[in-house]
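Chemist: Chains as they are written, first to last, in the numbering used here: chain A, 1 to 347; chain B, 1 to 610. All C-beta atoms, glycine included, are put in the ideal place defined by N, C-alpha and C. Bear in mind the structure is a predicted one, so any value in this text is a computation, not a measurement. Sharing a structure with you now.
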Amino acid sequence: MAKTNTLDLTKNDYKGRPSTLCPGCGHNAISNQIISTAYDMAIEPHRVIKLSGIGCSSKSPAYFLGRSHGFNALHGRMPSVGTGAMAVNRSLIAIGVSGDGDTGSIGMGQFKHVMRRNVPMVYIIENNGVYGLTKGQHSATQDEGVPQKYYGINEYPAVDIALEAIVGGASFVARSFSGSPREVQALLSAAIRHNGLAVLDIISPCVAFNDTDASTKSYSYVRENLDVLHEVEFVGYVPQAENIEIDERTYERQGEILVEMHDGSRVVLKRVDEDSYDPTNRHEAIRQVEEARRSNKILTGLLYFEPERRTLHDVENLIDTPLVDLGEDVLRPSKEALDEIMQEMMI
Amino acid sequence: MADVLQAPEQAVGDETIVNDFQIIVATVNGTGSQTSNSLVIRSLFRMGIPVNGKNIFPSNIKGLQTWYTIRVSKDGYVARKEENQVLVAMNKSTIIEDIKQLPAGGVCLYDSGIRYEPTRDDILTYAMPVDDIMDQTDVKRSLRERVRNMVYVGALASLIGIELAEIEASLNAEFPGKQKVVDLNMSVIKLGHAYAEENYDRPSPFRVERMDETKGKLLMEGNAAAALGATFGGVQMLSWYPITPSSSVADNAMKYLSKFRIDKETGKASYAIIQAEDELAAIGMVLGAGWAGARAMTATSGPGISLMSEFAGMAYFAEIPSVIWNIQRVGPSTGLPTRTSQGDLLASYMLGHGDTQHICLLPANLKEAFEFGWRAFDIAERFQTLVFVLSDLDLGMNLWMTEPFDYPDEPMDRGKVLNAEQLNEHIKEYKRWGRYHDVDGDGIGYRALPGTPHPQAAYFTRGTGHDEWAVYSENSDVWVENLTRLTNKIAGSRDKLPQPIVETVDAADFGVIAFGTVDPAVVEARDRLAAHDKTFDYMRVRALPLSPAVREFIEAHDTVYVVENNFDGQLAKIIIMDYPELATRLKSIAYLDGLPFTAKFIVDSIMEHE
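Below, the structure is given as structure tokens:
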């Protein structure tokens with residue numbers, strides 16, 4: 001008998017179709033981490049919607065959570081599709097997968113605005129610095145000075161997705177590496193539990209076009225230059241047993257930062273050096289990311305967290321029932337209502 | 001003192017023309033003239049006289065010339081007329097040209113503060129010293145500019161016979177509960193009126209008299225009717241990006257939805273209206289919501305349509321119910337952004353790359369704007385596709401008379417959607433469920449919405465090639481099969497969409513086909529041509545793809561004129577694409593200059609051939 005989770009589902013029930021991406025592609029590892037996370041968290045697959053744009057990254061939702069609805073949208077336009085779907089069905093869990101071209105170039109506008117609206121969804125950027133499907137052009141996240149076989153040296157400064165996200169108003173911003181499965185899964189779990197837009201910028205090396213010695217997004221470079229902010233552990237729902245009177249969602253305890261998510265589940269951020277890092281400090285988050293960028297380091301962890309921001313559902317003042325569950329009795333006003341309006345306008 | 005400078009010898013005869021002329025008001029935009037003009041229209045309407053107003057405005061907030069034509073027609077004609085008999089000249093930068101345009105015998109009511117002395121002796125001129133009149137009031141300087149147009153409302157009322165009581169009633173309707181505003185405006189109107197009564201010796205040959213032709217009717221703008229229709233269609237999500245002339249669709253949707261769709265207990269909304277960052281995002285949200293099972297729409301105009309092209313193609317190919325209201329304006333490009341057009345017919349019908357075809361609904365009046373407002377959702381969900389509603393600036397932003405709207409006469413058609421239980425039944429019957437599996441032979445598969453608690457409900461929506469099970473495929477046979485099914489699906493809508501309205505006469509000389517807002521001009525042209533002993537059968541097309549009735553209509557006539565407000569004869573081209581063998585019977589009357597069609601143009605164009 002295969003192992004099952006609390007829903008009596010096996011890990012197989014969370015898998016998708018076989019990947020058609022290159023063997024060794026970072027995106028495949030991320031797909032597997034999504035599968036493991038959903039299985040471990042015992043998420044009902046039918047409650048999940050998978051959304052993506054166009055590109056290698058955006059093909060990957062076909063390769064995980066086969067029992068969840070998927071929408072492979074247009075290049076750079078996944079956020080709007082997710083916004084529309086989540087506006088009308090707030091009971092869904094949205095997992096969006098995008099790439100650095102899809103988000104950092106063609107989709108920069110929608111990326112910024114989905115953060116402004118704080119649409120409750122997980123927004124993963126599988127970030128490898130190149131366009132894979134069109135064979136190796138630099139993307140906007142490619143670091144300055146990195147060469148490509150046909151396209152020469154990238155002369156333009158890189159877009160830093162995490163920095164854009166913090167500045168753009170995302171209420172949850174994390175960065176990780178596809179080769180750090182534990183960290184990705186912990187951050188992904190927290191992102192799924194976050195009531196708002198959660199950006200996960202995951203460096204995910206491209207073995208076909210950007211895994212060279214000169215690349216700053218190769219497996220070897222990233223491994224050597226990881227700057228781990230803290231050890232992230234997702235502990236799930238914890239009843240308030242410790243008698244800690246807290247107003248804050250984030251607090252420090254014995255050198256650990258505890259972050260309480262919307263549903264009461266917790267993320268523990270364990271200190272890795274003397275300084276503990278408070279992810280709710282936006283100013284500090286920007287400073288840290290900027291410093292890492294200047295020293296060509298890849299800073300990973302929960303970079304920024306703003307627990308109480310109003311979501312799209314709050315701002316739109318939506319009723320608790322998902323709009324799609326409403327029947328004609330609610331949706332279509334009565335004949336009397338129409339007659340009244342007509343009467344008012346008549347002389 | 002007489003303000004008629006020189007009485008024309010013959011043009012102004014003894015004859016008084018009652019309830020059959022057109023007024024043109026020339027003002028500067030941003031001065032509140034919209035309010036004063038709609039006041040004139042509403043007052044005439046309240047006097048029971050058929051009336052229609054058309055705002056001819058610039059793409060500008062403040063300071064440029066704007067015109068407003070108000071037609072009164074005892075016969076009920078609401079098309080624009082080419083000639084204006086009465087001019088209200090308030091704009092010094094256009095007064096010379098405005099007066100030149102007046103026909104002999106015309107009336108010119110002008111602001112004498114402009115310091116321009118009309119010199120034509122074949123018209124009647126009446127001076128209004130607007131600023132002098134305003135000096136008699138205690139209106140604050142800051143409000144003066146917005147109120148001074150009320151002087152002409154009063155003077156015009158005196159000159160042509162609009163009842164002051166109806167003006168006051170209209171003011172009350174315009175500013176409900178704002179007695180101070182009403183009083184302020186009314187005081188200025190009365191001064192203008194008194195000035196005219198005292199000083200204008202020569203009566204205007206153009207007069208209005210009370211009728212009983214507007215009882216039981218109301219005045220409304222097409223965009224408001226569209227929004228009200230969508231409201232009664234149960235719209236759940238509206239996303240939009242501001243663009244003239246469509247913005248008031250969203251404005252009115254906010255008004256109506258907040259009235260009807262707020263939960264009484266919680267005060268929360270059963271709808272979302274989201275102002276998007278651009279038109280791409282607007283249509284993206286519509287597709288996301290439509291895919292998730294909601295009734296979703298956007299409203300836009302030409303440039304927005306261009307931006308929505310890629311998603312439109314996806315809606316067709318991935319079969320996502322969605323509705324776009326295209327309030328057409330003049331293109332190409334930014335074109336004439338505040339002028340009306342029917343120029344997006346072909347672009348909307350085929351929007352998207354590759355072989356794409358969209359259902360288009362073509363409202364011609366307010367009742368249809370309302371009806372298509374709700375029906376578009378039924379059609380979109382029934383055929384699982386994008387539905388365009390092609391209105392235009394003329395219908396959308398001008399005030400039209402209408403009978404009250406009919407409540408939807410059928411329940412909402414949510415199309416083929418399976419819940420978990422129905423999905424089990426479906427699988428029992430057909431062994432397997434596939435999103436694009438055509439079990440009914442109409443090309444329409446069954447949807448299982450996101451969130452359906454069933455292990456086999458999920459499928460993958462994509463714009464890439466897919467088979468009937470929604471699985472990625474680059475197989476040529478699969479592609480051909482899928483596109484054939486889609487073509488058949490849309491073709492299957494031909495006799496299920498709003499069918500053409502046909503009006504026939506005995507032994508017609510020819511046929512006329514038109515759509516949308518050229519309708520009032522065609523109707524008037526029909527009566528005028530009768531005077532030339534020419535009669536025609538009239539078919540007004542109300543949807544694309546074309547009804548099979550179109551073919552029958554053309555086959556029954558040797559000559560059919562296709563009348564439309566665009567340059568290329570787009571409807572004629574669509575007819576020829578469908579029925580090339582009938583092409584020689586068609587004569588295209590296609591014209592676009594940014595103004596609504598006139599009967600005269602149609603009559604002249606037809607008489608060139610007949």
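1. Give me the subset of the region 306 to 330 of chain B whose CB atoms are less than 7 Å from a CB atom of chain A, sorted by chain position.
2. Where does VAL25 of chain B sit, in a helix, a strand or coil, going by DSSP?
3. Check distances from the C-beta atoms of the region 106 to 118 of chain A to those of chain B and list, in chain order, the residues that come in under 7 Å.
4. Below 9 Å between beta carbons: does that hold for CYS360 of chain B and ALA572 of chain B?
5. Let me know if GLU245 of chain A comes out buried or exposed under the rule of 16 or more other beta-carbons within 10 Å of its beta-carbon.
6. Quick check: the Cα distance between LEU39 of chain B and GLY216 of chain B, rounded to an integer number of angstroms?
7. I need the straight-line Cα distance from ASN424 of chain B to TYR459 of chain B, nearest angstrom please.
8. Have a look at B:LEU586, B:ARG528, B:VAL541, B:GLU552 and flag the residue whose alpha-carbon is nearest the alpha-carbon of LYS600 of chain B.
9. Less than 9 Å separating the beta-carbons of MET539 of chain B and GLY516 of chain B?
10. Mind checking the region 219 to 251 of chain B against chain A and listing, in chain order, the residues whose C-beta falls within less than 9 Å of any C-beta there?
11. Kindly indicate if chain B contains any beta-carbon less than 9 Å away from that of PHE71 of chain A.
12. Please compile the residues from chain A whose C-beta is within a distance smaller than 9 Å of the C-beta of SER270 of chain B.
13. Contact between the region 304 to 323 of chain B and the region 272 to 290 of chain B is defined here as three or more beta-carbon pairs at a separation below 8 Å; is this criterion met?
14. Assign GLU306 of chain A to one of three DSSP states: helix, strand, or coil.
15. For a quick check, are the C-beta atoms of ILE167 of chain B and VAL88 of chain B less than 9 Å apart?
16. Just to confirm before moving on: does the CB-CB distance between MET401 of chain B and VAL78 of chain B stay below 9 Å?
17. Along the chain, where does the beta strand (DSSP E) containing ARG175 of chain A start, and where does it finish?
18. In or out: LYS264 of chain B buried (at least 16 other Cβ within 10 Å) or exposed?
19. Distance, Cα to Cα, MET1 of chain A vs PRO455 of chain B?
20. Pull out every residue of the region 277 to 293 of chain B whose Cβ sits closer than 9 Å to any Cβ of chain A, in chain order.
21. Using only the alpha-carbon positions, how far apart do ALA556 of chain B and SER588 of chain B sit?
22. What span of residues does the alpha helix (DSSP H) with GLY373 of chain B cover, start to end?
23. Which chain A residues sit within Cβ distance under 9 Å of TYR459 of chain B?
24. Verify whether the separation of the beta carbon atoms of VAL188 of chain B and ILE133 of chain B is less than 9 Å.
25. Quick one: which residues of the region 539 to 550 of chain B get their C-beta closer than 9 Å to a C-beta of chain A? List them in chain order.
26. If you draw a straight line from the alpha carbon of VAL228 of chain A to that of GLY16 of chain A, how long is it in whole angstroms?
27. Out of B:ALA225, B:LYS416, B:SER73, B:GLY161, point me to the one whose CA is closest to LYS633 of chain B's CA.
28. If we call anything under 9 Å between Cβ atoms a contact, is GLY343 of chain B one with ASN566 of chain B?
29. Among the residues of its own chain, which have a CB less than 7 Å from the CB of MET254 of chain B, if the five just before and after it don't count?
30. Could you list the residues in the region 26 to 56 of chain A with a C-beta less than 9 Å from some C-beta on chain B, going in chain order?
31. How about LYS335 of chain A: is its C-beta nearer than 9 Å to some C-beta of chain B?
32. Does LEU338 of chain A have its Cβ less than 9 Å from a Cβ in chain B?
33. State whether the region 92 to 108 of chain B contacts the region 120 to 134 of chain B, with contact taken as three or more CB pairs (one from each stretch) at a distance under 8 Å.
34. Say whether the region 162 to 172 of chain A touches the region 83 to 93 of chain A, bearing in mind that this needs 3 or more beta-carbon pairs closer than 8 Å, one atom from each stretch.
35. Expressed to the nearest angstrom, what Euclidean distance is found between the alpha-carbon atoms of LYS149 of chain A and ILE124 of chain A?
36. How close, in whole Å, do the beta carbons of TYR436 of chain B and ASN482 of chain B come, if the pair is a contact with beta carbons under 8 Å?
Modeler: On the basis of the data shown:
1. Listed by position, the residues of the region 306 to 330 of chain B near chain A (Cβ gap below 7 Å) are GLU310, PHE311, MET314.
2. Under the three-state reduction of DSSP, VAL25 of chain B is assigned to strand.
3. Interface annotation for the region 106 to 118 of chain A against chain B: GLY109, GLN110, HIS113, criterion Cβ-Cβ distance under 7 Å.
4. In this structure, ALA572 of chain B does not lie closer than 9 Å to CYS360 of chain B by Cβ.
5. In this predicted model, GLU245 of chain A has a pLDDT of only 48, less than 50, meaning its place in the structure is not dependable; the value taken from the coordinates is given anyway. By the 16-neighbour rule on beta-carbons within 10 angstroms, GLU245 of chain A is exposed.
6. Approximately 19 Å, taken between the alpha carbons.
7. Each residue's Cα considered, the two are about 16 Å apart.
8. Sorting B:LEU586, B:ARG528, B:VAL541, B:GLU552 by C-alpha distance to the C-alpha of LYS600 of chain B places B:ARG528 at the top.
9. Not a contact, by the Cβ cut-off of 9 Å.
10. Listed by position along the chain: LEU219, MET220, LEU228, THR231, PHE232, GLY233, GLY234, VAL235, GLN236, MET237, SER239.
11. At least one chain B Cβ lies under 9 Å of PHE71 of chain A.
12. Think of a sphere of 9 Å around the beta carbon of SER270 of chain B: the chain A residues whose beta carbon falls inside it are LEU318, ILE319, THR321, LEU323, LEU326, VAL330, LEU331, in chain order.
13. The region 272 to 290 of chain B and the region 304 to 323 of chain B touch, with three or more beta-carbon pairs separated by less than 8 Å.
14. Three-state result, GLU306 of chain A: coil.
15. The Cβ atoms of ILE167 of chain B and VAL88 of chain B lie no closer than 9 Å to each other.
16. Between MET401 of chain B and VAL78 of chain B, the C-beta spacing is below 9 Å.
17. ARG175 of chain A: member of the beta strand (DSSP E) spanning 172 to 177, first to last residue.
18. With fewer than 16 other Cβ atoms within 10 Å, it is exposed.
19. About 20 Å.
20. Of all residues in the region 277 to 293 of chain B, only GLU277, ASP278, LEU280, ALA281, ALA282, ILE283, GLY284, MET285, VAL286, LEU287, GLY288, ALA289, GLY290, TRP291, ALA292, GLY293 place a beta-carbon less than 9 Å from a beta-carbon of chain A.
21. Cα atoms of ALA556 of chain B and SER588 of chain B: separation of roughly 18 Å, rounded to the nearest angstrom.
22. First-last of the alpha helix (DSSP H) with GLY373 of chain B: 366 to 383.
23. Going along chain A in sequence order, the residues near TYR459 of chain B (Cβ under 9 Å) are HIS69, GLY70.
24. For VAL188 of chain B and ILE133 of chain B, yes; Cβs fall inside 9 Å.
25. Closer than 9 Å at the C-beta level to chain A, one finds no residue of the region 539 to 550 of chain B.
26. VAL228 of chain A and GLY16 of chain A have their C-alpha atoms spaced approximately 31 Å apart.
27. Look at the range of chain B in this structure, 1 to 610, and you will see that residue 633 of chain B is not part of it.
28. Yes, Cβ-Cβ distance for GLY343 of chain B and ASN566 of chain B is below 9 Å.
29. So the list reads ILE273, once near-sequence residues are dropped.
30. The region 26 to 56 of chain A vs chain B, Cβ under 9 Å: GLU44, PRO45, HIS46, ARG47, VAL48, ILE49, LYS50, LEU51, ILE54.
31. Among the residues facing chain B, LYS335 of chain A is included, as its CB has a counterpart in that chain under 9 Å away.
32. Chain B contact via Cβ: present.
33. The region 92 to 108 of chain B vs the region 120 to 134 of chain B: in contact.
34. A contact between stretches requires three or more CB pairs, one per stretch, nearer than 8 Å, and the region 162 to 172 of chain A fails this requirement with the region 83 to 93 of chain A.
35. Going by C-alpha positions, LYS149 of chain A is about 28 Å away from ILE124 of chain A.
36. Confirmed, about 7 Å.
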